[in-house]
Structures are given as C-alpha cells and as structure tokens.
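Q:
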Amino acid sequence: MKILSGIGLPLDGSNVALRGLGCAVWMASRLGGRVHVLHVGGPAAIANPLQALGVPERFLPLVDFHQANGDPATEILAAERRLGIDLIVLSARGASSEAERSDPLTIMGHVAREVIEKSAAPVLLLPLAYREALPWHSVLVPISGEAGTDESLAVALQLAQTLDLTVTIAHVAAAKEELGKKILGFLSDQAHHEYPHMLNEYVARVSPMASIKERERIEDFCLLHGDIALELLGVIERKRTGLLVVGWHGQFVAGHARVLKTLIQQVSCPLLLVKAAPRQPFRLKVGEETSDLENPISTSGSAG
Amino acid sequence: MPPAAAKLSFRAVVFDMDGVVTRTADLHAAAWKELFDDYLRARADRGAGMFEPFDAKGDYLAYVDGKPRQEGARSFLAARGITLPDGSPDDPPDAETIYALARRKDELFERRLQRRGVAVFDSTTALIHVLRSRAVATAVVTSSRHGREVLQSAHVTALFDVILDGTDAARLELKGKPDPDIFLAAAEHLKLAPRQCIVIEDAAAGVMAGRHGGFGLVIGVDRGGNRQALMRSGADIVVADLGEVDVDALDRRFRNRTSASPREPEDAWRVEQEGFDPAREHEMESLFTVGNGYLGVRGSLDMPLPGSQADLFVAGIYDRKQPALPYSELEFLTARRDEYAYAERVPLPFPYRLRVSVGGRTLDLVEGPWRELRRVLDLRHGGLQLFYLFEDKQGRRTAIETWRCASLAEPHLLLQEVTVTCENHDALVEIDTSLHDPDLADHDPHLRALVPESADDVELRAYATQASGYTVALASRARLSGESRDRVYVQAQGKAGVALRLRRCVAIHTNRHDADPIAAARARAQGFSWDAFDRARAAHEACWAEVWRSADVTIGGSVATTQALRFNAYHLRIAANRDPRTSIGARTLSGRAYEGHVFWDVEIFMLPYFVRTFPDIARSLLLYRYYTLDGARSRALSLGYRGACYAWESTVTGADATPRQIILKTSHKKIPIYTGHEQVHVTADIAFAVIRYFEATGDAAFMTEAGAEILFETARFWASRCVRKDDRYHIEAVTGPDEYHHTVNDNAYTNWMARFNLEHAGRMQRWLARQAPEIWKALRSKLAIADEEPALWAAVAEALYLPQANASGVIEQFEGYFELRDYVVPASERFHPPLRRLFESEKINGMQLIKQADVLMLPLLFPERFTREVLAANYRYYEPRTDHASSLSPAVHATLAARLGLPEQAQDYWRRGLWLDLSNTMGNGALGIHAASMAGAWQTLVYGLLGIHVGDDGPVVDREAGRRLPARWQSVELSLYHHGKRYPLRWTAGEEER
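Next up, the structure:
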C-alpha cells in the first residue's frame with residue numbers, strides 16, 4: 005500500500021469547492037506530498053491562476069496547477085491516472101450546493117458522484133455541513149462485517165500512523181427485525197454481533213499488511229446495536245471524530261449506500277471513501293476428495 | 003493456437019446468452035425502464051409515494067439482470083418497498099400483479115427486438131469457434147422465453163450443441179438463477195458432469211448459480227461496474243470481454259481450480275497454498291513452519307510484510323512475560339509475571355529475511371504488483387518452497403523462487419536458496435540478506451541486541467533476553483552463484499531469462515548449549531563449505547527419509563487423508579527434540595500461543611504417538627519431567643504438600659507458569675484462571691505416561707534412572723493431597739480436564755488417575771527393590787522415603803473414593819455435577835474456542851455444559867476397566883453436553899465412538915481432529931498448530947478405527963476394523979514400535995490380515 009502523496013483537488017472557482025483546500029494542504033504537508041489543483045472548464049486566469057481560484061499565497065509552495073477542458077468528471081478521472089493522484093478531495097456538491105439538502109437524491113452533485121463511483125483512488129468527500137477542524141486527532145472506521153470493506157481499516161491505520169491520529173473501530177449490529185428482512189440471507193456479519201473478539205479478527209485480517217505501530221493506533225472498539233447511521237453519529241460526537249474512513253462498494257445509485265448517504269447529510273467531518281480492493285484468489289490444496297463440507301476451507305473466498 | 007494444440011481438460015463451456023453472447027441487455031434494460039417508469043409514475047400520480055425513476059444501469063444490475071422476469075420485477079419492487087400479489091400468468095397486462103408486469107415487460111422487449119434486431123459480441127463468437135475446433139462442446143442458456151428467437155435473429159444457433167431458454171426452463175420446471183438448475187440441465191444435456199464444464203456469465207446471480215452448481219470454473223464478464231459483485235458472487239476470473247480469454251491459459255486455470263483437492267499420489271507428499279489472503283496469512287505462517295525440534299521458523303514470506311509474524315523459536319529459550327504478546331487467543335492477554343524469568347517463550351528474528359529489488363524497485367507483496375504466489379511444503383524432504391511472480395505496469399516479469407529448510411541432520415543449521423529471474427527484461431538485481439530487523443523492539447520485545455565483533459563475510463547477530471540470561475547468536479553467510487566471496491548484500495545485472503542463484507546458510511547457537519554461542523555460531527557458519535551445500539541438503543533429506551520409515555501412514559483410496567496424516571506427522575516431528583531439558587509446547591515451535599508452555603497434552607495425547615513411532619523422543623520428553631522434578635517439589639512444598647506437584651503449565655524449571663488471570667484486549671475485563679492452582683491431574687498424567695512408556699518399550703534403564711523417582715515423588719504428593727473423611731480419601735478443590743468447572747471435589751478423572759499413580763508407585767517400588775536393590779537403596783536414601791511410605795501409598799489408593807456408575811451406568815464427573823442445570827449443546831455452539839464461555843465462566847460453572855472429554859477420558863485410557871454398557875451410557879450422557887471448545891476433545895470422542903460401533907460418528911469426529919489445523923476449525927491457527935489434536939487423530943486411527951491391540955507378540959489389527967473405516971478406503975499401511983522392534987502393519991479391504 006502506498007502512502008497518499010499525490011492529492012488531487014478539483015476547483016471550479018466556487019467557495020464550496022475551495023473548502024477542501026485547507027485539509028488537502030494539511031495532509032500534503034504531513035505526508036510529504038503535493039496538492040494538484042485541477043481546474044476544469046472555463047478559461048483559467050493566465051497569470052496566477054491559483055490566486056484567481058482563491059488559493060492563499062501561503063499554500064502556493066505545496067500546490068501545482070493543472071488546467072483541463074471537457075466534461076469535469078472525465079477530466080478529473082483522467083488527471084487521476086495521468087498525475088498519479090492517490091487521493092481526491094471533493095465536495096459532495098460543487099457550485100450548485102444551495103439545492104435542497106433534505107432530498108437524498110440531491111446530496112451529491114453529478115460530478116462528485118461520477119468521480120466517487122469511478123475513481124480508483126480513495127476520495128476524501130466533504131459533506132454538506134463540512135466544517136474545517138484541523139488538525140484531526142481521531143479517525144472512526146465503521147466496519148460492516150463484509151470482507152470487502154477491510155481495505156478501509158488498512159488505509160485508516162496507515163493514515164493514523166503518518167498523521168498521528170487515534171483510531172476507533174465501530175460495528176453496529178442492525179436491530180433484529182431489520183436483519184430478518186435482509187434479502188438472500190447473506191448475513192455476512194452475523195458472527196460479529198456476538199463478541200468483541202470478532203473485531204480483533206478484522207484487525208488480524210489487515211494486520212499482515214499493517215505494522216505493529218500502525219495497529220497500536222487502535223484506541224477503541226465500539227460494538228453497538230440499533231440504527232447504523234444514528235449509532236455512528238453518536239460515536240462521531242462522543243469521540244470528536246476528525247475523519248471518517250468508510251469502506252464501500254462503489255455504487256451510489258438509488259437503493260445502495262443508504263448509511264453513507266445519511267452520513268453525508270449529517271456529519272461535519274470529511275469522509276474518506278475507500279473502495280474494496282479486488283480479492284486475490286486464494287487456495288489451500290487440502291481436504292477430502294468427496295466433500296467440500298468436511299473441509300470448510302476449500303470453499304472459502306466465495307460468497308459472503 | 004499452439005502448433006500441436008494440447009487436449010483441453012474441460013469438456014464444455016456453458017454460456018449465458020444476454021450480455022455474453024448477444025447484446026440484449028440494453029434492450030432489456032430499456033424495456034424494464036419503460037415498464038417501471040410508467041408504473042411508478044402512475045403510482046405517484048395516485049399519491050402512493052414519490053416518483054423515482056428506474057435506473058437503467060444501477061437498478062438493472064442490482065435487481066433484474068440475469069433473473070427470470072417475475073423474480074426481477076419482485077426484487078426491484080421490493081427494493082422500493084412495494085409488494086404486489088403474484089397474480090397468475092393469465093392476468094391482463096394492465097393488472098397490478100407481478101405476472102402482469104412481467105408480461106408487459108415481455109411485450110415491450112419483443113417490440114424492441116423486432117424493431118432493432120440483435121447484435122452479438124464478435125469476441126464471443128470467435129472464442130466459440132476456437133473452442134469447437136478443439137473439441138469442446140458449447141451450450142447457451144437464458145432465462146428469456148425469447149432465447150431461441152434472439153439466437154436465430156442473431157444467426158448463431160449453429161454455434162451451440164445445447165440451447166435452453168426460458169420456455170425450456172418452464173417446461174422442465176427449472177428454478178431461476180441463482181439456483182443452478184438451468185446450468186445443471188445444460189450439463190446433463192451435454193452428458194457431462196458440472197465439474198467438467200466452465201460457466202460464463204455476466205450477472206452476479208448467474209455466477210452464483212455456476213458456483214452453486216459445482217462447475218469446474220466460473221468466468222464473470224464485466225461489461226462495466228460489476229466486477230466486484232461478480233467476484234463476490236464467486237467468479238474465478240472476471241474479464242471485461244471474452245477477447246481477453248486465451249484458451250490454453252483458461253485450461254491452466256481450470257486444471258488449477260479443479261485440482262484443489264489432492265488427487266495424485268504425489269499430492270499426498272505436499273501441502274500447497276496458492277494466492278494470498280491477508281486474513282489467513284498468519285495462519286499460513288503456522289502451517290508452513292519448518293523446523294527440527296531444536297528450533298522452528300514460521301513459514302513467513304522471505305520478504306516479510308510489515309505485520310508478518312515471522313518468528314524463529316529455539317526450544318527452551320524463555321524470558322519474562324511481555325504483556326503485549328497474546329496468550330491462547332489474540333484477544334487474550336496476560337499480565338506481567340516478573341517474579342518468573344522463564345514465563346514466556348521468546349520470539350526471535352526471522353533468519354530467512356531477504357530484501358530483493360529489481361531495477362531499483364523493491365519486490366514484495368506490499369509494493370507489488372504481483373501475479374502469483376505459491377507456498378509448497380515438501381513433506382517428504384522437510385523443505386519449504388516459495389514461488390513469487392511480480393509483474394509491473396510495463397509488463398516486466400520477475401520470478402523469485404526460494405527454498406528453505408531447518409536441517410534435521412545438523413540442528414543448528416538453516417539452509418536457504420534463492421533464485422531471481424528477470425523473465426522478459428534486463429535489470430539490476432539487488433539481494434540484501436541482512437538479518438537486521440529495524441523493528442526489533444516491536445517484533446521481539448524480549449530481546450536486547452548485542453553487538454558482536456564482526457567477522458569477514460559472516461553477518462553476526464546476537465541477542466540477550468531481558469531477564470532469563472539467555473544469549474542467542476545467528477551467523478549468516480550468503481553467496482551468489484559464480485562469485486568467489488560471500489556478501490551480505492549482492493547485486494548483479496539480471497539478463498532476460500537467466501536465473502541468478504544465491505545460497506545462504508545460517509548457524510544458530512545459544513548459551514543453553516555453548517558457553518560462547520557467538521563464537522560457536524561463527525565457527526559453524528565459517529566451517530560451512532559452499533561445495534557441501536548439496537551434501538548438507540542431502541543429509542537433511544536422508545534424515546527425513548528415516549523419519550518416514552517410522553512415521554508414515556498411507557491410506558489406499560484417499561490421497562487427501564494420507565496428506566493430512568503426513569502433514570500432522572511432519573509437524574509432530576519438527577516439534578520434538580532429543581534434548582531432555584525441553585518438551586513440546588501446546589502449539590509447538592510454530593506459534594506464540596500459550597506462551598510456549600508445556601501441558602498434559604504431551605503426556606496424554608502426544609506421548610502415545612511418540613512411544614510407537616520414535617521411542618527415543620518419547621523417552622526424552624519424559625526426561626524433561628525428570629529434570630523439572632525440583633520445580634515440582636518446590637511447588638508441592640509451597641502448596642503445603644509433600645513430594646512433587648507438577649505445574650499445569652511448565653517451561654524451564656518446572657515452576658508453575660500458568661497465568662492467574664486473562665485480560666480481554668477489547669474490554670479490559672479480567673477473567674480469573676483457576677487451572678494453575680487446581681488442575682493437579684497433570685501430576686498423575688505424567689506418572690501414567692511413565693508407566694505406559696515402560697510397558698511399551700521395556701526400557702528398564704529409564705525406569706531405574708528417572709521413571710521410578712517421578713513415580714515415588716508424585717505418589718507422595720497424592721498421599722498428602724488426598725483428604726481423609728469418614729473411611730475414604732477424597733481430593734478436593736480441583737479442576738478436571740473440563741475447565742468449565744472449577745473448585746470441584748472428587749473429579750472422577752483426577753481421582754482415578756491419582757489412584758493409578760499411587761498403585762503403580764507401590765508396584766514399581768517392589769519391582770525396583772527386586773530388580774535393582776542398590777538403586778532402590780540409593781533412591782530411598784536420596785528421597786528420604788520412610789519404610790512405611792509405600793504402604794501408605796497403597797492404603798490411600800485402596801481407600802481413595804472413585805465415583806462409580808449410577809443406576810443408568812453414568813459416572814458423575816464430580817460431586818454435585820448431576821444437580822447442575824442441564825444443558826445440551828446445539829450444533830452451532832460446538833467447536834469454537836471458549837471465548838464466550840470464559841466470559842460467562844461463573845454462569846457456566848453452574849451448568850452441565852462441559853468443554854471437553856472428562857469422564858470419557860477414563861474409558862479412553864483404561865479400556866479394560868469399563869464394560870461396553872458403561873462406556874455407552876457415559877458416551878450417550880456426556881457427548882451431547884460437550885461443546886468441544888478444546889482441540890483435545892474430537893479425538894477422544896472419535897476413538898470411543900469407534901469402540902462403540904458408531905462408525906459415522908467416529909469418522910466425523912476423527913475428520914475434525916485430523917483436519918483441525920488444515921481447515922482452521924478452531925479459528926485460532928494464526929498462533930500455532932495444535933499438536934495434541936494431531937497426535938490424537940493418529941491415536942484414533944490406530945486404537946479406535948483400526949482397533950489395534952498390542953499384545954506380547956506385538957501389535958495386531960482388529961479383525962473387525964473394516965466396519966469402522968471409511969468405505970472408500972482400500973488399505974492402510976503403517977508401522978508401530980513395540981519393545982524396540984518395528985512392526986509393519988497393513989489392513990486391506992476385504993481381507994482381514996496383519
């Protein structure tokens with residue numbers, strides 16, 4: 005895993021987009037990286053384009069300017085590959101942020117949505133009610149129990165180590181009736197409701213990739229029951245969370261990412277959205293010839 | 003195609019139609035969109051909810067893609083919180099039912115199909131042509147009722163041997179995907195088994211169907227944004243287009259996938275892991291440990307990850323407890339115990355550590371990108387091979403192959419060979435063999451690095467433990483092939499396709515055996531001649547050939563069972579030493595669990611194995627108890643008793659190393675541990691093992707020199723530990739093998755074992771006085787045994803209360819057990835480590851729930867003392883109340899079930915024990931393998947399933963064995979030692995012979 009050193013910040017000239025500059029520069033300075041300001045569309049000022057976009061003088065040594073023309077999302081994604089950007093800082097809504105907030109369909113501008121869905125790099129998303137509170141002191145990593153979201157913990161531990169943050173891990177077991185309704189019966193996190201020990205297994209799962217020092221950043225495990233978004237909001241308030249690191253599947257369409265959408269509407273700290281890395285195939289060639297059941301490992305890695 | 007196209011292993015490919023062969027998905031999506039948008043808008047107009055249009059991409063993929071129409075409609079509406087009645091197929095198109103909506107969608111689709119026609123994916127038809135030219139059959143399936151029409155309209159029907167569409171599915175009453183019915187029907191029409199076929203699908207539900215159907219390989223086709231879902235649903239490979247598929251590469255994947263279970267005889271000599279799963283890496287490190295009993299090195303990657311548990315353990319090297327290290331589970335911590343300098347076995351730095359870079363880029367799994375990783379344990383020769391293939395974004399491939407062993411011929415010596423090949427490019431290759439670990443304090447907190455004087459060409463590292471006064475020295479030499487001097491760091495110009503080979507030897511010495519371990523390690527490394535590398539390897543492998551002569555068990559008819567038995571035998575051998583000052587920790591030299599402590603596991607579970615395979619190792623293990631007698635004596639004294647009371651958990655001196663409490667890492671809750679004070683049965687277990695060893699070997703020298711003293715001192719302990727009440731002796735305030743119940747009186751197992759101990763001490767005293775009067779005299783004087791003492795042992799044994807079978811034939815586990823709240827364990831609560839149980843220990847203490855065989859240990863160890871009826875009654879009573887939270891439990895139940903003529907239960911329990919580590923049944927393999935379970939599985943095979951009886955003429959297989967063995971076994975071959983002679987034994991199905 006690479007440390008995040010190339011930070012992309014798309015700016016459109018609006019104050020809303022500019023809100024991300026503070027934390028982008030703060031992270032770049034701590035991580036020894038650079039901020040790549042991407043200006044898409046509209047003619048850039050020929051002289052001092054960064055100042056024209058509102059970048060204060062003191063930040064200039066860490067910031068590079070890139071101009072592109074075309075569809076903003078496409079250009080941001082192209083710049084991600086071209087410039088080797090490994091973190092994109094983005095406002096949930098750009099210039100059009102004055103739209104009605106309570107409507108879940110409008111919490112995210114179409115550019116932001118396309119970028120978070122398609123980018124390979126994690127996205128630091130500034131929610132609607134974002135308030136800059138630097139430096140951050142603590143990270144919250146909610147875990148759902150799905151193996152696909154392990155990546156978020158690995159990234160959180162690494163960031164915590166380099167940015168000197170403490171890490172809280174939270175798992176919210178949904179209320180019982182809600183569980184019963186789940187389709188297809190894939191209660192992949194069922195085991196994790198039972199005992200905090202299971203949370204350690206998450207840590208164990210990422211631990212070969214994380215150093216002891218990184219793992220020592222974990223300050224607390226929270227096991228909660230109830231409405232996932234509400235419980236997480238409670239933890240964010242109690243722990244004064246500076247950064248929320250969320251593993252997700254990458255689809256923001258209707259019916260998906262409900263908790264994430266609620267959080268984007270309600271929290272004031274940034275959300276680092278980390279997509280699950282593709283799972284590597286894994287096999288241990290042992291077990292009986294006749295039955296997979298007697299050898300649970302030969303079927304591991306499939307559903308769930 | 004290669005010039006002479008090889009025959010392919012798979013026989014057929016079953017294609018999904020929409021999205022794989024034909025481009026109808028957009029027609030379908032558009033039809034669905036029109037249908038749902040009309041419907042949802044009409045609902046919104048009626049005031050039933052807000053209008054939120056159907057997303058032709060997201061909703062289509064998530065809810066309807068690949069499913070039959072009705073299911074698609076139901077699933078999408080459910081996601082919007084809408085439930086409609088199913089209705090019937092005859093509903094008019096405007097009815098508000100599932101059937102009507104589905105029908106309307108069908109009409110909309112048909113209209114579009116006629117208007118626009120169907121396109122096909124040219125890459126797919128090209129693949130089909132190649133497959134057919136190589137004698138692979140093809141089939142196409144679809145849930146669409148229009149399947150045939152669509153294929154005809156696309157002019158591709160001739161490309162398929164079998165076509166099944168929605169009409170066929172309805173006729174054959176096949177369930178929709180993710181049920182595998184339609185794929186299975188296709189395979190059946192092709193007259194092939196599913197495992198001979200490949201499924202190609204673009205929908206998650208279809209991939210799942212292929213997986214559930216047991217198809218040999220499932221390929222997902224991701225036409226955009228669906229890769230994760232396809233992988234999660236179980237696709238072996240996901241491609242963006244079938245143009246990426248090369249038939250020969252596919253064949254390799256197919257063979258790999260279908261050969262997951264070992265099949266060929268040679269597979270039974272190796273355990274192979276392919277790919278990488280961070281969640282299981284620590285467990286793999288345990289399984290792939292190499293060692294020789296003197297030391298063990300976990301099977302970590304040569305280029306360790308930041309969090310690798312890359313430990314070296316040297317038997318007998320312990321130090322003060324470090325509170326950050328786990329106890330038996332990752333979750334369990336124990337506090338410092340500064341009063342004891344040997345509380346915890348010391349993890350030492352990884353001796354095979356490498357850093358490899360090619361063209362300035364570090365090659366390891368963190369940096370990547372890598373394409374292949376394989377780890378192969380060569381059981382026959384006791385070596386571990388690793389194969390890594392890295393490929394960067396420019397397509398430059400570099401292969402690294404390594405081999406390592408811990409010499410069985412020369413226990414202080416490790417060998418390693420590394421081959422680096424730039425497959426298709428030229429680049430500077432750098433290999434750094436330095437053993438320096440910059441994070442020593444984190445990885446190995448017991449150690450303080452010493453700075454030994456450097457020696458030419460030899461890298462010397464030495465470490466001192468914090469409190470126990472041990473020094474461990476490592477001396478490493480490495481040489482690149484073709485060079486004339488050794489270097490710690492080598493660099494060479496890598497040429498495409500040319501392998502660079504480096505060899506390394508590492509010598510390890512400690513001040514346990516050498517006054518100056520640094521000098522000893524240096525001398526051994528310097529004395530090593532590179533010319534002798536192959537000879538050193540051959541000597542090591544010759545020792546392994548010797549091991550297998552004694553330890554091999556082969557099962558005719560089951561390669562996988564042979565493989566598992568050999569894997570277990572391998573681990574038992576590398577755990578064991580001929581150093582009488584050390585014994586085997588519960589998780590051997592393969593992991594950190596239990597702080598490296600030695601338990602009753604050795605005497606009751608492992609010793610019966612070693613006695614019959616490596617009697618000299620069995621002797622050495624018992625001598626460890628002889629050399630720790632002083633510790634046991636001090637312990638008895640400190641507890642207010644006489645003689646020797648062995649520690650429940652023992653390390654160097656024999657003092658008790660059991661923690662007094664466990665601290666849960668997440669909640670910081672403290673749980674008291676009673677076993678250290680109370681699990682006194684270990685003292686009698688050791689005496690029992692001394693007797694059984696003597697019976698099996700006739701080793702009178704051992705008995706006179708060491709065994710008798712153990713027996714006398716332990717008998718003395720019991721004579722003082724038993725309490726006289728009325729006219730009987732009782733043993734109070736103990737914990738039996740079942741650790742869920744502490745501070746109980748008259749635990750049946752403890753009392754039986756104590757009586758055995760007392761009786762046999764008396765017998766052995768008479769034997770010794772007769773056989774070797776001088777030695778008896780000397781011993782009597784050394785131990786100050788009063789004349790009346792042996793009579794006292796006999797008297798206590800005679801009057802010791804032994805719980806007897808009640809009217810139903812059941813022996814009460816301890817006084818008052820039957821009055822506890824009854825509890826029968828549901829299947830879901832079995833075979834887990836005792837996490838929750840410990841959490842609720844006081845509640846459990848009041849229930850009949852037990853952790854492992856307790857009373858049932860008695861018929862296991864004393865089969866001749868219990869009638870079949872009593873055995874059956876106790877098995878029936880206790881088995882349902884046991885949750886097997888101990889890995890020691892399955893083997894006991896398996897053996898008894900075999901004796902009772904319950905072959906299915908016996909085999910089931912036996913498999914659990916046999917594959918306990920290879921399937922990570924307990925979920926805690928990361929902290930080391932479970933040696934007692936391995937030896938227990940061997941005991942079940944020998945004494946339970948085969949029913950081997952050892953008489954004066956040696957071992958004999960029971961004539962009825964065939965009734966208890968799995969039906970597909972054709973033969974079993976093994977050998978057992980008895981009184982110094984090795985007896986080869988063979989059972990063959992159908993002929994009952996020895």
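Going line by line, the protein sequences match chains B and L.
To convert a position in the first sequence, counted from 1, into this note's numbering, add 4.
To convert a position in the second sequence, counted from 1, into this note's numbering, add 2.
Where is the CB? At the ideal position from N, CA and C, for every residue including glycine.
Between the beta-carbon of L/Y628 and the beta-carbon of L/R583, is there less than 7 angstroms?
A: No; because the gap between Cβ atoms is not below 7 angstroms, this pair is not in contact.
Q: Residues of chain B with CB closer than 9 angstroms to the CB of L/L851, please, in chain order.
A: Under the 9 angstroms cutoff, chain B gives no residues; its nearest Cβ is about 17 angstroms from L/L851.
Q: Could you work out which residues of chain L lie near B/P212, taking near to mean beta carbons separated by less than 7 angstroms?
A: Chain L residues near B/P212: P280, E283, H284, L307, G309, S310.
Q: Measuring straight from C-alpha to C-alpha, what distance separates L/Y320 and L/A900?
A: Whole-angstrom Cα-Cα distance: 41 angstroms.
Q: Evaluate L/S486 with the Cβ neighbour count: other Cβ atoms within 10 Å of its Cβ, from every protein chain shown; 16 or more gives buried, anything less gives exposed.
A: Flag for L/S486 reads exposed.
Q: On the CB-based measure, 16 or more other CB atoms within 10 Å of its CB, does L/G953 come out buried or exposed?
A: By the neighbour-count rule (16 or more Cβ atoms within 10 Å), L/G953 is not buried but exposed.
Q: Using the Cβ count rule (16 or more neighbours within 10 Å means buried), how would you classify L/A523?
A: Flag for L/A523 reads buried.
Q: Report the residue from L/P70, L/D124, L/L37, L/G49 whose alpha carbon sits nearest the alpha carbon of L/S146.
A: Closest by alpha carbon: L/P70.
Q: Any idea what DSSP makes of L/R621, helix, strand or coil?
A: Helix, per DSSP.
Q: Nearest by alpha-carbon distance to L/E285: which of L/A312, L/Y296, L/A207 is it?
A: Looking at the Cα atoms, L/A312 is the closest of the given residues.
Q: Using 8 angstroms for Cβ pairs, my map puts L/Q72 next to L/Y101. What's the rounded Cβ distance?
A: Contact flag correct, Cβ pair sits at about 7 angstroms.
Q: Counting beta carbon pairs with one atom in the segment 648-666 of chain L and one in the segment 933-950 of chain L, are three or more of them shorter than 8 angstroms?
A: Output reads no: the segment 648-666 of chain L does not touch the segment 933-950 of chain L.
Q: Can you tell me where the beta strand (DSSP E) holding L/Q387 begins and where it ends?
A: L/Q387 -> beta strand (DSSP E) spans 385-393.
Q: Mind reading off the beta-carbon distance from B/D90 to B/A125? Whole number of angstroms is fine, and I expect it under 8 angstroms.
A: With a Cβ gap of about 5 angstroms, B/D90 and B/A125 count as contacting.
Q: For L/V654, which option in L/H679, L/G587, L/H683 has the closest C-alpha, if you only look at C-alpha atoms?
A: Looking at the Cα atoms, L/G587 is the closest of the given residues.
Q: Short of 7 angstroms Cβ to Cβ, which residues in the segment 903-925 of chain L face chain A?
A: In summary, chain A is missing from the structure at hand, where the protein chains are B and L.
Q: For the pair the segment 416-424 of chain L and the segment 399-407 of chain L, tell me if three or more CB-CB distances fall below 8 angstroms.
A: Yes, the segment 416-424 of chain L is in contact with the segment 399-407 of chain L.
Q: Taking L/L502 as part of the beta strand (DSSP E), name the residues at either end of that continuous run.
A: From DSSP, the beta strand (DSSP E) with L/L502 extends over 501-512.
Q: Does any heavy atom of the ligand GTP sit closer than 6 angstroms to the C-beta of L/D516?
A: Among the components of this structure there are no ligands whatsoever, and the ligand GTP is therefore not found.
Q: With DSSP as the reference, identify every bridge partner of B/F286, one or two as the case may be.
A: Answer is L/G277.
Q: With a threshold of 7 angstroms between beta-carbons, can B/P146 be considered close to chain L, or not?
A: No, because no Cβ of chain L sits closer than 7 angstroms to the Cβ of B/P146.
Q: What is the C-beta distance between L/T660 and L/T685, in whole angstroms, given that I count them as a contact (C-beta under 8 angstroms)?
A: Between L/T685 and L/T660 the Cβ distance is about 14 angstroms, and since that is not below 8 angstroms, they are no contact.
Q: Does L/L186 come out as helix, strand or coil in the three-state DSSP assignment?
A: Helix.
Q: Anyone know if the C-beta pair for L/P882 and L/R966 falls short of 7 angstroms?
A: Against a cut-off of 7 angstroms, the Cβ pair of L/R966 and L/P882 comes out as no contact.
Q: Going along the chain, which unbroken runs of the alpha helix (DSSP H) with 4 or more residues stay wholly within the segment 911-962 of chain L?
A: Segments of the alpha helix (DSSP H) lying fully in the segment 911-962 of chain L: 933-941.
Q: For B/H229, return the contacting residues in chain L, with the cut-off set at a CB-CB distance below 9 angstroms.
A: The contacting residues do not exist; B/H229 stays about 16 angstroms from chain L at best.
Q: Using a Cβ distance threshold of 8 angstroms, determine whether the segment 587-601 of chain L contacts the segment 726-745 of chain L, with at least three qualifying pairs required.
A: No, because fewer than three Cβ pairs between the segment 587-601 of chain L and the segment 726-745 of chain L fall closer than 8 angstroms, the two stretches do not touch.
Q: To the nearest angstrom, how far is it from the Cα of L/A480 to the Cα of B/W140?
A: If you take the alpha carbons of L/A480 and B/W140, they lie about 47 angstroms apart.
Q: So which residues of chain B does L/D88 contact, with C-beta pairs closer than 8 angstroms?
A: Ordered by position in chain B, no residue passes the 8 angstroms Cβ test against L/D88, which lies about 17 angstroms from the chain.
Q: Between L/T144 and L/D181, how many whole angstroms is the CB-CB distance? I'm expecting something under 8 angstroms.
A: The pair is not a contact, with the Cβ atoms about 15 angstroms apart (cut-off 8 angstroms).
Q: In whole angstroms, what separates the C-alpha of L/R526 from that of L/L609?
A: Whole-angstrom Cα-Cα distance: 33 angstroms.
Q: With L/I202 and L/V223 assumed to form a contact (beta carbons below 8 angstroms), what rounded beta-carbon distance in angstroms separates them?
A: L/I202 to L/V223, Cβ: 6 angstroms. Contact.
Q: Kindly list, in the order they appear in chain L, the residues whose Cβ is closer than 9 angstroms to that of B/I268.
A: By Cβ distance, chain L contributes nothing, its closest Cβ being about 17 angstroms from B/I268, past 9 angstroms.
Q: Using DSSP's beta-bridge definition, name the partner residues of L/Q663.
A: Its beta-bridge partners are L/P674.
Q: Mind checking who L/M849 pairs with in its DSSP beta bridge?
A: Paired residue(s): L/R823.
Q: Quick check on L/V894: buried or exposed, where buried means 16 or more other Cβ atoms within 10 Å of its Cβ?
A: By the 10 Å Cβ count, L/V894 comes out buried.
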